[in-house]
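Written below as structure tokens is the structure these notes are about.
Number of protein chains: 2
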Amino acid sequence: MTVVTIERKILEKNDAVAAENRARFARRGLFVFNMVSSPGSGKTTILERTIEALKDRVRIGVVEGDVQTDLDAQRVARYSVPVVQIVTNGGCHLEARLVQDALDRLDLDALDLVVIENVGNLVCPANYDLGEAMKVVVLSTTEGDDKPLKYPAMFRQASVLVINKIDLVPYVPCDVAALRRHALQINPDLTIFETSGTTGAGLPAWCDWLIARVRRAHA
Amino acid sequence: MTVVTIERKILEKNDAVAAENRARFARRGLFVFNMVSSPGSGKTTILERTIEALKDRVRIGVVEGDVQTDLDAQRVARYSVPVVQIVTNGGCHLEARLVQDALDRLDLDALDLVVIENVGNLVCPANYDLGEAMKVVVLSTTEGDDKPLKYPAMFRQASVLVINKIDLVPYVPCDVAALRRHALQINPDLTIFETSGTTGAGLPAWCDWLIARVRRAHA
Numbered sequence: 000m001t002v003v004t005i006e007r008k009i010l011e012k013n014d015a016v017a018a019e020n021r022a023r024f025a026r027r028g029l030f031v032f033n034m035v036s037s038p039g040s041g042k043t044t045i046l047e048r049t050i051e052a053l054k055d056r057v058r059i060g061v062v063e064g065d066v067q068t069d070l071d072a073q074r075v076a077r078y079s080v081p082v083v084q085i086v087t088n089g090g091c092h093l094e095a096r097l098v099q100d101a102l103d104r105l106d107l108d109a110l111d112l113v114v115i116e117n118v119g120n121l122v123c124p125a126n127y128d129l130g131e132a133m134k135v136v137v138l139s140t141t142e143g144d145d146k147p148l149k150y151p152a153m154f155r156q157a158s159v160l161v162i163n164k165i166d167l168v169p170y171v172p173c174d175v176a177a178l179r180r181h182a183l184q185i186n187p188d189l190t191i192f193e194t195s196g197t198t199g200a201g202l203p204a205w206c207d208w209l210i211a212r213v214r215r216a217h218a
Numbered sequence: 000m001t002v003v004t005i006e007r008k009i010l011e012k013n014d015a016v017a018a019e020n021r022a023r024f025a026r027r028g029l030f031v032f033n034m035v036s037s038p039g040s041g042k043t044t045i046l047e048r049t050i051e052a053l054k055d056r057v058r059i060g061v062v063e064g065d066v067q068t069d070l071d072a073q074r075v076a077r078y079s080v081p082v083v084q085i086v087t088n089g090g091c092h093l094e095a096r097l098v099q100d101a102l103d104r105l106d107l108d109a110l111d112l113v114v115i116e117n118v119g120n121l122v123c124p125a126n127y128d129l130g131e132a133m134k135v136v137v138l139s140t141t142e143g144d145d146k147p148l149k150y151p152a153m154f155r156q157a158s159v160l161v162i163n164k165i166d167l168v169p170y171v172p173c174d175v176a177a178l179r180r181h182a183l184q185i186n187p188d189l190t191i192f193e194t195s196g197t198t199g200a201g202l203p204a205w206c207d208w209l210i211a212r213v214r215r216a217h218a
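Top line first, the protein sequences correspond to chains Z and H.
Residue numbering for the first sequence follows numbering that gives the first Met the number 0, starting at 0 and increasing by one per position.
Residue numbering for the second sequence follows numbering that gives the first Met the number 0, starting at 0 and increasing by one per position.
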């Protein structure tokens, strides 16, 4: 497919800007992760619960990426954390340059943690480094246990897998053990959490892990 | 974003090949639809149930699009229908040229209906005409009722919306009336079905509609 060469040039430019973003985070000891998933996996809900749990201990800023609307930014803003919305107008992923522009609107010196919530898309955002310390991929049990095999790039690029909607396991044909096995088959280094944004299950373990990462970036 | 101009050229080429595909379908009175959705919405399960219900009355061929693996083609092939798998190797959508190549491997004269199951992605496939009569977008209730507003391009391009996993409504925060309202706000011409691939609910209505479309294309 002819698109490959074009993509390569775009990616080279993107990687250069991502390196600038990464240097900017490192200078301040900021921990930054890039949250990726299909639409509707529960990224925003997990983010809301995380902010609720941590906001008195960690200074959190959010960059929201969406194809259209600022619905997610509005949801997050209710928790009184600084949030910048990027609307890609049909673009299927965030790019480092868009994040760079968004960072200009945040007071980075007043933050410990920046969460970038990417556009809901399990394919394209895998290829775009935004300067984050790591990608966190969220997969809900309702999506099925075969998804790591079918969309391997994202699971290969991610450091953390959050298996969300764990409360729905009794009602959906998802074998969580198989899901974990498929994910580790693609990427043996994945750290895996099982959570429910609805019931709150598993979120304390995820939050503890996150605090440890924020402290390490600060040190 | 610089990508816009590049995309336009790719899309022009794509549209020319899509027109060739469309003429090929029209000559044979074939009905062809392009099934699009996020990963894990239940596209393949609906397709399996549809083939099961219709295969004695309608001659069905399938083009399976996946980023990796032929898991879906294997699932569909169990129903003894001709199926061609396109693996995009990381590509986030099917293009008309890929479908054209796949069509060469199907005996189109021996078919009444071709289903193209696109890569699981609610964003990019919206822009790529494959020559189909219509796009059918599948959205599962677990993805949330705000998705038509957040991913409007796909709902604008589609003629049919299948709201799947209707059996999970008691367990998920999804207001189906709001989902329908949001979808019709984006595209008032949408035909909407509510289905469950698991329980089979709503599938007879969908199959009846499909048979009527196949007959009309034949006439």
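Ideal Cβ placement from N, Cα and C applies to all residues, glycine included.
_Segments of 3+ residues assigned as beta strand (DSSP E) that fall wholly inside the region 148–181 of chain H_ = 159–163
*Do Gly-60/H and Leu-105/H have their CB atoms nearer than 9 angstroms?*
yes
*Closer than 9 angstroms, CB to CB, is Leu-121/H near chain Z or not?*
yes
_Candidates Lys-146/H, Asp-111/H and Gln-67/H, of which the one nearest Gly-119/Z by Cα_ = Lys-146/H
*Give, in chain order, every residue of the region 133–154 of chain Z whose Cβ lies closer than 7 angstroms to some Cβ of chain H.*
Ser-139, Thr-141, Glu-142, Gly-143, Asp-145, Lys-146, Leu-148, Lys-149, Tyr-150, Pro-151 and Ala-152
*Asp-65/Z lies in the beta strand (DSSP E); which residues open and close that run?*
59–65
*Keeping to the same chain, check which residues put their C-beta closer than 8 angstroms to that of Arg-58/Z; ignore five residues upstream and five downstream.*
Ala-109, Leu-110, Asp-111 and Leu-112
*asked:* Taking 6 angstroms as the limit between beta carbons, can you name the residues of its chain near Gln-84/H, skipping five residues before and five after?
replied: Glu-63, Asp-69 and Ala-72
*Would you identify the three-state DSSP class for Ala-211/Z, choosing helix, strand or coil?*
helix
*Which residues in chain Z sit within 7 angstroms of Asp-65/H, going by Cβ to Cβ distance?*
Lys-149
*For Asn-117/H, decide whether its Cβ has a neighbour in chain Z, counting only Cβ atoms nearer than 9 angstroms.*
no
*In terms of alpha-carbon separation, which member of Val-80/Z, Glu-142/Z, Gln-67/Z and Ile-210/Z lies closest to Val-137/H?*
Glu-142/Z
*Straight-line CA distance for Val-82/Z to Thr-140/H?*
28 angstroms
_Helix, strand or coil for Asn-33/H? Go by DSSP, reduced to three states._
strand
_Of the residues Met-153/Z, Val-159/Z, Arg-155/Z and Glu-116/Z, the one placed nearest Val-135/Z, counting alpha carbons only_ = Val-159/Z
*Using a beta-carbon distance below 9 angstroms, is Lys-164/Z in contact with chain H?*
yes
*Does DSSP classify Leu-70/Z as helix, strand or coil?*
helix
*Straight-line CA distance for Asp-14/H to Arg-96/Z?*
30 angstroms
*Return the chain-ordered list of same chain residues with a C-beta closer than 6 angstroms to the C-beta of Ala-101/Z, the five sequence neighbours on each side being excluded.*
Val-62, Val-83 and Ile-85
*Starting from Gly-130/H, find everything on chain Z with Cβ-Cβ shorter than 9 angstroms and list it in chain order.*
In chain order: nothing, as chain Z lies at least about 17 angstroms away.
_Selection of the region 161–190 of chain Z by Cβ proximity to chain H, strictly under 8 angstroms_ = Lys-164, Asp-166, Leu-167, Tyr-170, Val-171 and Pro-172
*Could you tell me which chain H residues have their CB closer than 8 angstroms to the CB of Leu-70/Z, listed as they occur along the chain?*
Asp-145, Leu-148 and Lys-149
_Out of Glu-19/H, Tyr-78/H and Pro-38/H, which one is the CA nearest neighbour of Asp-55/H?_
Tyr-78/H
*Is the Cβ-Cβ distance between Leu-129/Z and Ala-17/Z less than 9 angstroms?*
yes
_Contacts that Ser-195/Z makes with chain H (C-beta to C-beta distance below 8 angstroms)_ = The premise fails here: Ser-195/Z is roughly 11 angstroms from chain H at the closest Cβ pair, so nothing lies under 8 angstroms.
*Using a Cβ cut-off of 7 angstroms, pull out every chain Z residue sitting near Cys-91/H, in sequence order please.*
Cys-91, Val-122 and Cys-123
*Does the beta-carbon of His-92/Z have 16 or more other beta-carbons within 10 angstroms, so that it is buried, or is it exposed?*
buried
*By Cβ distance below 8 angstroms, which residues in the same chain neighbour Ile-185/H in space, the five residues on each side in sequence not counted?*
Pro-147, Leu-148, Pro-151, Phe-154 and Arg-155
_Any beta carbon from chain Z within less than 9 angstroms of Gly-39/H's own beta carbon?_
yes
*From Gly-41/H to Asn-163/H, what does the alpha carbon distance come to, in whole angstroms?*
7 angstroms
*Residue-chain proximity (Asn-20/Z, chain H), Cβ-Cβ < 9 angstroms*: no
_Out of Thr-194/Z, Val-35/Z and Gln-67/Z, which one is the CA nearest neighbour of Leu-167/Z?_
Thr-194/Z
*asked:* In the DSSP output, what is Gln-184/Z paired with across the bridge?
replied: The partner list for Gln-184/Z (beta bridge, DSSP) is empty, contrary to what the question assumes.
*Nearest to Glu-94/Z by CA position, among Glu-19/Z, Thr-44/Z and Leu-29/Z, is which residue?*
Glu-19/Z
*Spatial neighbours of Arg-74/H within its chain, please: CB distance less than 7 angstroms, with the 5 preceding and 5 following residues excluded, ordered by chain position.*
Thr-43 and Glu-47
_For Cys-173/Z and Cys-123/H, believed in contact at Cβ under 8 angstroms, the rounded distance_ = In fact, because the Cβ distance is near 25 angstroms, the residues do not count as touching under 8 angstroms.
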